[in-house]
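Chemist:
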Amino acid sequence: MEKDDSEHLNVYRPITLVLQIYKVCICIFLKYEEGRFLTGFSTIDHIQIIQHLTEQYTTNIKCHCFASVDRRKAFDSVELIVVANVLHEHVTVPLSINLID
1324 MEKDDSEHLN VYRPITLVLQ IYKVCICIFL KYEEGRFLTG FSTIDHIQII
1374 QHLTEQYTTN IKCHCFASVD RRKAFDSVEL IVVANVLHEH VTVPLSINLI
1424 D
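Take any residue in the sequence shown, count from 1 to its spot, add 1323: that is its number in the numbering used here.
Okay, structure coming up:
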C-alpha cells in the first residue's frame, strides 16, 4: 500500500479530517494525562465538560463524544446509583448514561 493511496482510509489520520473544535475535544480525551484524576480537578469538572459537549451537540454543532469511567478505580466506595444520580443532576440536556458494573 502506497502513502498516497486514497482508497485506504487507514492511510489518513482521522484527527486531520475534523474541524478545529473537534480536535480540541479529541486531544482532551485521547491524551493519557487528561481526563484522569489530576490535582485540582474534581469529578464535577469532568461532568461539566461532558455537559458542555452535550449542549454543543443539541445546538448547531453535532459533536459526538463518548466518556468512559472505570467506576472501580474512580468511585470504589460509591454506589453505582449515586454516580448515575449525580450525572443526571448536573447534565441538563438529555443524555444516555449506560452504567456497567
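All residues carry an ideal CB built from backbone N, CA and C; glycine is no exception.
Note down the Cα distance separating T1381 from V1405, rounded to an integer number of angstroms.
Modeler: Start at 1 with the first residue of the sequence shown, and residue 1381 comes out as number 58. Start at 1 with the first residue of the sequence shown, and residue 1405 comes out as number 82. Near 26 Å, if we compare the C-alpha coordinates of V1405 and T1381.
Chemist: Using 10 angstroms around the beta-carbon of H1411, count the other beta-carbons present and answer buried if the total reaches 16, otherwise exposed.
Modeler: Translated into the one-based positions of the sequence shown, residue 1411 becomes position 88. H1411 is exposed by the Cβ-count criterion.
Chemist: Taking Cβ to Cβ, would you say V1409 is nearer than 9 Å to I1370?
Modeler: By one-based count along the sequence shown, residue 1409 stands at place 86. By one-based count along the sequence shown, residue 1370 stands at place 47. Yes, they are a contact pair.
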